[in-house]
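In what follows, a single structure is set out as structure tokens and then discussed.
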Amino acid sequence: MKLITHNMLTSKCLKGVMTGYPLAINATDVKITEVDFNPEFITRVIPKLDWEVLWHAANSIGHSEGLPKSIEPKFEENEDFLKKAHKILLEVEIEEGHLTCPESGRQFPISKGIPNMLLTEAEVQ
Amino acid sequence: MTKTFNFQTISRISNNLMSCNGNNSLNRKIINIKYMGKMSVSDQNSNQSTSERKEDRPKLKILAFHGYRQNGALFRGKIGSFRKAVSKYAQLTFISAPHKVFNEEGGGDEDHRSWWFNAEDNTFSGKCLGGPAIGFEATLRLVEKIVQEHGPFDGFMGFSQGACLVGLLAAMQQKGYLPYTFKFAIFASGFRSGSLVHKGFYDEEIELPSLHVYGESDSIIPKEMSESLISLFVKPIVAEHSGGHYVACSGAIKDAYLDFLHDKHQDLLDEQNKKGKNNISQQSSEMQSIVSIFKIPIKYIEKPCDKKPYWIVELPTEEYAMKIASRSVLIKNCIELWSTTKSVSQLHLNLRNALLNTSGQWIVQKSSETGTSEHICPYSLIETCCPASKSFKIEVETFCKHYTMKEKVDKIETFSYLPLKGPVKLKNPDVTLSYLEFYGVDPNNVPNEPYEVFFGRWVADGQRDVIQYHSLKKRQFIGNTSMDAQLALIMANQARVTSGDLVLDPFVGSGSLLVAAAHFGGYVWGSDIDFMMLHARTRPTRARAKDESIRGNMRQYGTECRYLDAVVSDFSLPMWRQGVQFDAIITDPPYGVREPTEKIGIEKDNYTLSVQHLVNHIPSKVEYGLPQLYGDLLEFAAKHLRKGKRLVCWYPMVRDEYDPLDLPSHPCLELVANSEQPLSRLTCRRLLTYEKRHDYIDAQPDANAGTHNFREKYFALGEITRREKKERRAEEMARAAFYKSKNGVT
Chain A
1 MKLITHNMLT
11 SKCLKGVMTG
21 YPLAINATDV
31 KITEVDFNPE
41 FITRVIPKLD
51 WEVLWHAANS
61 IGHSEGLPKS
71 IEPKFEENED
81 FLKKAHKILL
91 EVEIEEGHLT
101 CPESGRQFPI
111 SKGIPNMLLT
121 EAEVQ
Chain B
1 MTKTFNFQTI
11 SRISNNLMSC
21 NGNNSLNRKI
31 INIKYMGKMS
41 VSDQNSNQST
51 SERKEDRPKL
61 KILAFHGYRQ
71 NGALFRGKIG
81 SFRKAVSKYA
91 QLTFISAPHK
101 VFNEEGGGDE
111 DHRSWWFNAE
121 DNTFSGKCLG
131 GPAIGFEATL
141 RLVEKIVQEH
151 GPFDGFMGFS
161 QGACLVGLLA
171 AMQQKGYLPY
181 TFKFAIFASG
191 FRSGSLVHKG
201 FYDEEIELPS
211 LHVYGESDSI
221 IPKEMSESLI
231 SLFVKPIVAE
241 HSGGHYVACS
251 GAIKDAYLDF
261 LHDKHQDLLD
271 EQNKKGKNNI
281 SQQSSEMQSI
291 VSIFKIPIKY
301 IEKPCDKKPY
311 WIVELPTEEY
321 AMKIASRSVL
331 IKNCIELWST
341 TKSVSQLHLN
351 LRNALLNTSG
361 QWIVQKSSET
371 GTSEHICPYS
381 LIETCCPASK
391 SFKIEVETFC
401 KHYTMKEKVD
411 KIETFSYLPL
421 KGPVKLKNPD
431 VTLSYLEFYG
441 VDPNNVPNEP
451 YEVFFGRWVA
461 DGQRDVIQYH
471 SLKKRQFIGN
481 TSMDAQLALI
491 MANQARVTSG
501 DLVLDPFVGS
511 GSLLVAAAHF
521 GGYVWGSDID
531 FMMLHARTRP
541 TRARAKDESI
551 RGNMRQYGTE
561 CRYLDAVVSD
571 FSLPMWRQGV
581 QFDAIITDPP
591 YGVREPTEKI
601 GIEKDNYTLS
611 VQHLVNHIPS
621 KVEYGLPQLY
631 GDLLEFAAKH
641 LRKGKRLVCW
651 YPMVRDEYDP
661 LDLPSHPCLE
671 LVANSEQPLS
681 RLTCRRLLTY
691 EKRHDYIDAQ
701 PDANAGTHNF
711 REKYFALGEI
721 TRREKKERRA
731 EEMARAAFYK
741 SKNGVT
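Those sequence lines, one after another, are chains A and B.
Taking the UniProt record's numbering, the leading residue of the first sequence gets 1, the next gets one more, and so forth.
Taking the UniProt record's numbering, the leading residue of the second sequence gets 1, the next gets one more, and so forth.
Right, dumping it as structure tokens:
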């Protein structure tokens with residue numbers, strides 16, 4: 001799971017959970033895969049992110065080094081910043097671990113890079 | 001035809017012949033997709049399918065006028081039951097009157113509006129006679145502006161003072177005073193205006209079809225006043241109810257509305273049928289999507305139709321043709337058209353004349369024999385291909401007739417008068433010239449001479465080879481219902497996926513749609529309820545390779561960098577953060593036939609799981625009915641699509657039951673394209689493209705989507721045909737045995 005996905009996921013599906021965001025990350029295996037850098041895409045996606053959540057998520061898996069705590073003004077011209085954002089958004093991936101709902105503490109496992117957000121039939125009643 | 005061709009003479013280099021490999025073969029291609037294992041049946045019916053396509057959900061557009069001391073929003077809220085009742089046929093637009101009504105303290109109230117006042121102290125009373133009409137001009141201008149911006153409207157509807165206004169507008173239309181038209185009117189508690197200046201309008205009978213509804217015990221507008229308005233109309237339909245001053249909508253009154261609107265709606269459908277709007281093929285909807293992606297100014301010289309495998313269009317420059325060809329998977333190639341005629345000899349004559357045409361312009365000549373006008377292209381078009389430095393080849397293509405290589409070469413030789421000085425080169429020449437003969441689309445009835453012939457310069461090929469490249473045969477990871485490569489690419493085109501778009505498939509399966517979306521530059525997310533599928537642990541359709549996954553597929557096509565993630569999740573429950581907006585949603589939901597329609601759940605009450613079972617627990621699932629599923633899908637799209645972006649999905653149904661009005665709908669989404677793919681003799685699926693037109697509003701789930709229970713009907717129909725088949729076979733065998741014995745005797 002990439003951090004861009006984590007930035008968009010909630011545990012709202014749980015009964016009684018209001019926002020369910022952000023999910024806490026517990027990673028046992030983090031992998032880095034290099035992918036092509038597309039500054040245009042990164043520029044487009046940054047305004048859609050909750051940057052603070054992204055930074056804390058990066059921090060919780062030990063990849064916040066060098067990552068600014070807030071979006072820099074005129075980030076679209078700052079290639080260095082875009083590259084850092086690219087790396088943290090698209091290259092760092094959580095292979096194994098789990099996500100935890102901030103309100104209920106319910107855990108969602110991540111295996112082979114795919115988070116499993118399914119509830120049990122008992123939870124949807 | 002002459003008229004449309006005229007602008008060829010003005011334009012410089014702009015005529016391209018788009019040769020889509022037509023309807024005929026496209027259909028066959030689409031139908032040949034392995035689906036439900038009923039290919040043999042579907043093929044027979046392929047010819048019917050296209051002619052049956054209907055226009056996507058046309059509705060009557062009605063402009064609604066509120067009463068005195070109301071406004072558009074207030075009125076909209078008050079007549080909820082009316083809106084709901086007529087929603088199948090009509091779409092209402094509400095506007096507010098321009099004048100504020102002043103209260104006793106002298107302050108203007110935003111919420112209370114009036115179309116005009118008939119007393120000097122800026123008030124209005126329906127019963128007041130002989131007063132002025134203050135502010136009526138401004139109202140007329142406002143209505144005109146609204147009609148210009150949001151119209152044209154099929155009909156006007158008004159209540160009380162609004163109905164009085166509609167009556168005045170109807171009278172004005174009768175006299176020819178209005179710059180716009182409307183075709184019917186609905187009056188709720190209508191009356192004649194008592195203002196002096198309005199008197200003159202009521203001296204003529206009004207022919208406009210009208211429906212009048214009024215209350216017997218209405219004290220504000222007594223029924224006599226309504227009746228006096230009705231007497232002006234030539235063919236009024238009148239519905240009286242026992243209530244007072246409100247827009248009634250119950251029982252018989254509701255039926256009156258529905259009957260009236262049903263007729264008007266039928267008129268609308270007939271009109272559109274006449275216009276030939278009905279046959280929107282897959283090609284043209286793909287084309288329209290592409291044209292809108294690149295904002296290409298396109299002019300149709302010949303309106304595209306199902307009977308011809310090519311389109312003739314005008315484009316400003318060659319680059320636009322290349323752009324279109326770079327996206328389209330249905331176009332075969334684009335050709336700069338030099339000449340097109342009905343006969344081979346005329347084509348040669350035109351080309352010979354073109355060699356002499358040094359004016360730099362197109363010339364239109366009247367042909368004495370046929371009486372049609374011939375278009376001679378400027379020599380400059382041909383000249384660019386002539387230099388000795390440019391190698392060339394001439395391609396011959398015949399549609400619906402086969403020629404041997406030798407015959408084709410003979411045809412090429414007939415163009416020997418063209419001053420092409422360069423060497424002939426068959427592989428990668430600098431210039432490719434194209435000669436096309438069109439023998440119609442009926443392979444059983446091929447004429448000796450072509451219907452039409454074309455000659456021009458090849459510009460670009462479409463993206464058909466991408467279909468081969470993406471073919472499921474060579475794809476690493478596929479599932480039971482992986483989408484065919486061509487259809488997936490068409491869907492991505494329909495969704496107008498462009499570079500850097502965020503694309504979601506909420507029923508991702510093996511990710512075929514994501515592969516297509518990523519091909520056009522989309523960054524893709526997928527989610528699916530099937531854990532085993534996303535982990536590639538379902539029963540394999542063929543020997544599993546190592547590392548099979550959606551991601552692996554994208555790696556295979558070199559688009560891994562645009563893979564975001566796949567998530568195991570239940571679509572019936574919310575998962576995405578509020579405010580997440582996608583640029584496209586393309587999906588093929590399960591139909592409940594080859595893939596089950598499921599969500600997490602259990603029938604038992606008060607069910608709990610013990611702790612030791614929680615690890616690796618696979619939750620039980622319950623039926624997630626199609627109506628509910630599509631309702632959720634449209635609601636999700638309305639919430640999570642960016643405005644102006646698209647949802648593209650398949651919708652399975654029984655063919656006979658198709659009615660464009662019964663397709664799933666949502667107030668924020670507009671159905672912009674809709675085409676059919678037959679799956680069997682009785683069933684089909686339709687490719688629906690919705691565009692988000694309005695910001696999300698909390699809407700009631702759509703009841704329409706509930707009318708088709710595809711799964712149940714599919715199996716019920718299957719039962720009948722299987723039994724029929726058995727009976728027919730038994731009958732045939734009996735007959736054969738009978739003849740045999742008969743022959744044996746004689």
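Where a beta carbon is used, it is the ideal one built from N, C-alpha and C, also for glycine.
Straight-line gap, residue i to residue j (C-alpha atoms, nearest Å)
i              : j              : result
E40 (chain A)  : K84 (chain A)  : 14 Å
I280 (chain B) : L687 (chain B) : Its pLDDT being 43, under 50, I280 (chain B) is placed unreliably in this model, and the value from its coordinates should be taken loosely. Cα to Cα, I280 (chain B) sits roughly 12 Å from L687 (chain B).
G440 (chain B) : S527 (chain B) : 46 Å
A58 (chain A)  : A673 (chain B) : 43 Å
L3 (chain A)   : L54 (chain A)  : 7 Å
H99 (chain B)  : G131 (chain B) : 17 Å
L599 (chain B) : Y658 (chain B) : What sits at residue 599 (chain B) in the sequence shown is Lys, not Leu. Spanning the two alpha carbons is a distance of roughly 27 Å.
V453 (chain B) : K308 (chain B) : 13 Å
K546 (chain B) : L534 (chain B) : 14 Å
V238 (chain B) : R723 (chain B) : 52 Å
R537 (chain B) : P589 (chain B) : 20 Å
T398 (chain B) : F438 (chain B) : 6 Å
K38 (chain B)  : A485 (chain B) : Low confidence applies to K38 (chain B): its pLDDT is 22, below 50, so where it sits in the model is not reliable, and the reading given next is rough at best. Each residue's alpha carbon lies about 19 Å from the other.
S373 (chain B) : S359 (chain B) : 18 Å
L142 (chain B) : Y246 (chain B) : 25 Å
Candidates the options, of which the one nearest residue i by Cα
i              : options                        : result
M491 (chain B) : B:G500, B:R475, B:F477, B:I467 : B:I467
R562 (chain B) : B:P590, B:L573, B:T123, B:W525 : B:W525
Q173 (chain B) : B:S189, B:F156, B:N553, B:G522 : B:F156
S512 (chain B) : B:M483, B:S289, B:G521         : B:M483
D501 (chain B) : B:H375, B:A518, B:R464         : B:A518
F571 (chain B) : B:I550, B:Q628, B:S610         : B:Q628
E712 (chain B) : B:P596, B:A325, B:F260         : B:P596
E144 (chain B) : B:A188, B:I95, B:T498          : B:I95
E286 (chain B) : B:Q463, B:C386, B:L682         : B:Q463
H375 (chain B) : B:T559, B:K390, B:L347, B:E395 : B:L347
L330 (chain B) : B:L337, B:K411, B:W311         : B:W311
E302 (chain B) : B:V291, B:F294, B:E314, B:I296 : B:E314
T498 (chain B) : B:Y523, B:R475, B:T608, B:V515 : B:Y523
Exposure label - residue i; buried when at least 16 CB within 10 Å
i              : result
N32 (chain B)  : Summary for N32 (chain B): the model assigns pLDDT 23, below 50, so the residue's position carries little reliability; its value from the coordinates is reported in the next sentence. Exposed, by the Cβ-count rule.
T181 (chain B) : exposed
Y300 (chain B) : exposed
E79 (chain A)  : exposed
A488 (chain B) : buried
T340 (chain B) : buried
N7 (chain A)   : buried
A122 (chain A) : buried
P693 (chain B) : Before going on, a small fix: residue 693 (chain B) reads as Arg here, not Pro. It counts as exposed.
T432 (chain B) : buried
Y177 (chain B) : exposed
V234 (chain B) : exposed
DSSP beta-bridge partners of residue i
i              : result
K692 (chain B) : B:L669
L60 (chain B)  : B:A90
S380 (chain B) : Partner(s): none; S380 (chain B) has no beta bridge.
G215 (chain B) : B:H241
Any non-hydrogen atom of the ligand PLP closer than 7 Å to residue i Cβ
i              : result
L232 (chain B) : In the structure on display, the ligand PLP does not appear, and there are no ligands present to speak of.
Whole runs of the beta strand (DSSP E) within the stretch 438-517 of chain B, excluding any shorter than 3 residues: Within the stretch 438-517 of chain B, the complete beta strand (DSSP E) segments of 3 residues or longer fall at 452-461, 502-505, listed in chain order.
4-residue-minimum alpha helix (DSSP H) runs that sit fully inside the stretch 262-337 of chain B, ordered along the chain: Counting only runs of 4 or more, we get 282-294, 318-327.
Ordered list of alpha helix (DSSP H) runs contained in the stretch 515-594 of chain B, each at least 4 residues: Entirely contained in the stretch 515-594 of chain B, the alpha helix (DSSP H) runs reaching 4 residues are, in chain order, 531-534, 550-556.
Contained alpha helix (DSSP H) runs [length at least 4] in the stretch 127-182 of chain B, N- to C-terminal order: Along the length of the stretch 127-182 of chain B, whole alpha helix (DSSP H) runs at least 4 residues long occupy 136-150, 161-174, reported in chain order.
Those runs of the alpha helix (DSSP H) which lie wholly inside the stretch 598-650 of chain B and span at least 4 residues: You should have 611-614, 626-640.
Contained alpha helix (DSSP H) runs [length at least 4] in the stretch 50-102 of chain A, N- to C-terminal order: DSSP runs (the alpha helix (DSSP H)) wholly in the stretch 50-102 of chain A: 51-60, 79-86.
Members of the stretch 12-24 of chain A that neighbour chain E once the beta carbon cut-off is set at 7 Å: Structure shown: chain E not included; protein chains present are A and B.
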